[in-house]
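Residue numbers (the working numbering): 145 to 492. Every residue, glycine too, gets a C-beta built ideally from N, C-alpha and C. Values in this document were obtained by computation on a predicted structure and should not be read as measured data. For reference, the structure discussed in these notes is given below.
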């Protein structure tokens, strides 16, 4: 494909994504610059508009995402993890149960192949799960819809449930963390390139994501970098990633997408039901706050659940630590385990 055609596809991809993001933002829907942009480029893709992104763009997205995911770790997470060992262990077991239930549903009702069903069943973030799934050879469009619908449903349902169940109010609170300094940016740039090199040499799963994530997590946990990215950086990353994912639906019909969306929303409520049951059991067993456990175990967004905890007066460190553990398990341990399964299957 010629350079002008490639450039046109990129422009149309991000323009359609931007339009979708603006609509979601105007309507006050969750994650507008991720889910809205995904929806915008998805509609363009289904309408036979020439959309799509190149491999270099996807590489840049993965590296930046890895660095920013590593930034979700902090010295407080490491310092206080020992306080919650029982629930952290329970969270890993819960992750296994939730994944088993979800992947069974995906295979039985959504008719996914085994590999795609497993990646669709993991309650990870939309971005990292689609990237890891693509690396393993799963069906990316099916994964994208499954995780996008899950995240959107959870982000809408949980705050409403907690508000009406416990009478907790969502109050906007501004974060007091400083923004990245010039030194922070330089350190993170070094980590991005260093992590990419390390991940490739060490043969990490989805090394473009996991290499930078690992180095970024180490540096943020040590306290060397403590600032947060400017909001515009986060928005641009979400816009780029969401638009890129939505552009993967070329060849799908509207009826196929609609059916997948309905089944994905049902799966999200199934996962939410499991979360409520497990949270109630752990609350009774360890005398912990039910609402805090819901946010900590919720198969929703890492940042969004932490912000919800902050706005409801629930300990954000408790929520962050449990989500950080889930992120580590999903991003580093699960792909290695799956790779061995696939290798054994191919050898037979």
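According to DSSP, is residue i helix, strand or coil?
| i | result |
| --- | --- |
| residue 433 | coil |
| residue 162 | helix |
| residue 270 | helix |
| residue 173 | coil |
| residue 323 | strand |
Only counting the same chain, and skipping five residues up and downstream in sequence, which positions put a Cβ closer than 7 Å to that of residue i?
| i | result |
| --- | --- |
| residue 422 | 238 and 441 |
| residue 300 | 174 |
| residue 218 | 364 and 365 |
| residue 409 | 293 and 297 |
| residue 287 | 260, 263, 264, 273, 274 and 277 |
| residue 150 | 198 |
| residue 391 | 157, 185, 189, 195, 196 and 197 |
| residue 348 | 354 and 355 |
When the Cα atoms are used, what is the spatial distance from residue i to residue j?
| i | j | result |
| --- | --- | --- |
| residue 245 | residue 256 | 14 Å |
| residue 552 | residue 395 | Since the first residue of the chain shown is 145 and the last is 492, residue 552 is not available in this structure. |
| residue 413 | residue 420 | 10 Å |
| residue 327 | residue 377 | 17 Å |
| residue 465 | residue 160 | 36 Å |
| residue 285 | residue 469 | 27 Å |
| residue 188 | residue 156 | 8 Å |
| residue 407 | residue 452 | 27 Å |
| residue 389 | residue 179 | 10 Å |
| residue 437 | residue 475 | 22 Å |
| residue 171 | residue 165 | 10 Å |
| residue 355 | residue 383 | 23 Å |
| residue 211 | residue 200 | 17 Å |
| residue 427 | residue 232 | 13 Å |
| residue 153 | residue 339 | 30 Å |
| residue 362 | residue 214 | 8 Å |
| residue 251 | residue 416 | 19 Å |
| residue 192 | residue 387 | 15 Å |
| residue 425 | residue 330 | 46 Å |
| residue 342 | residue 431 | 43 Å |
| residue 167 | residue 182 | 12 Å |
| residue 158 | residue 434 | 41 Å |
| residue 375 | residue 471 | 22 Å |
| residue 429 | residue 360 | 35 Å |
| residue 266 | residue 248 | 11 Å |
| residue 309 | residue 325 | 41 Å |
| residue 190 | residue 230 | 47 Å |
| residue 240 | residue 169 | 34 Å |
| residue 216 | residue 402 | 34 Å |
Would you mind stating whether residue i and residue j have Cβ atoms separated by less than 8 Å?
| i | j | result |
| --- | --- | --- |
| residue 223 | residue 411 | no |
| residue 479 | residue 280 | yes |
| residue 228 | residue 379 | no |
| residue 263 | residue 282 | yes |
| residue 242 | residue 418 | yes |
| residue 186 | residue 393 | yes |
| residue 381 | residue 209 | yes |
| residue 295 | residue 444 | yes |
| residue 336 | residue 207 | yes |
| residue 94 | residue 203 | Examination of residue 94 is not possible in this model, given that the chain is present from 145 through 492 alone. |
| residue 372 | residue 439 | no |
| residue 454 | residue 271 | no |
| residue 163 | residue 404 | no |
| residue 306 | residue 456 | yes |
Please list, in chain order, all residues of the same chain as residue i whose beta carbon is under 6 Å from its beta carbon, the five residues on each side excluded.
| i | result |
| --- | --- |
| residue 467 | 446 |
| residue 495 | This structure does not reach residue 495, given that the chain is present from 145 up to 492, and the question cannot be answered. |
| residue 332 | 211 |
| residue 350 | 275, 276 and 279 |
| residue 184 | 160, 161, 163 and 164 |
| residue 220 | 461 |
| residue 344 | 351 |
| residue 509 | Only positions 145 to 492 of the chain appear in this structure, which leaves residue 509 out of reach. |
| residue 268 | 474 |
Ordered along the chain, which non-local residues of its own chain (more than five positions away) have a Cβ less than 8 Å from that of residue i?
| i | result |
| --- | --- |
| residue 302 | 416, 438, 439, 442, 444, 449 and 452 |
Handout entry: At least 3 beta-carbon pairs within less than 8 Å: the region 193 to 205 vs the region 397 to 411
Key = no
Exercise for the section: Determine contact between the region 447 to 466 and the region 208 to 228, defined as no fewer than three beta-carbon pairs at a distance below 8 Å. Expected result: yes
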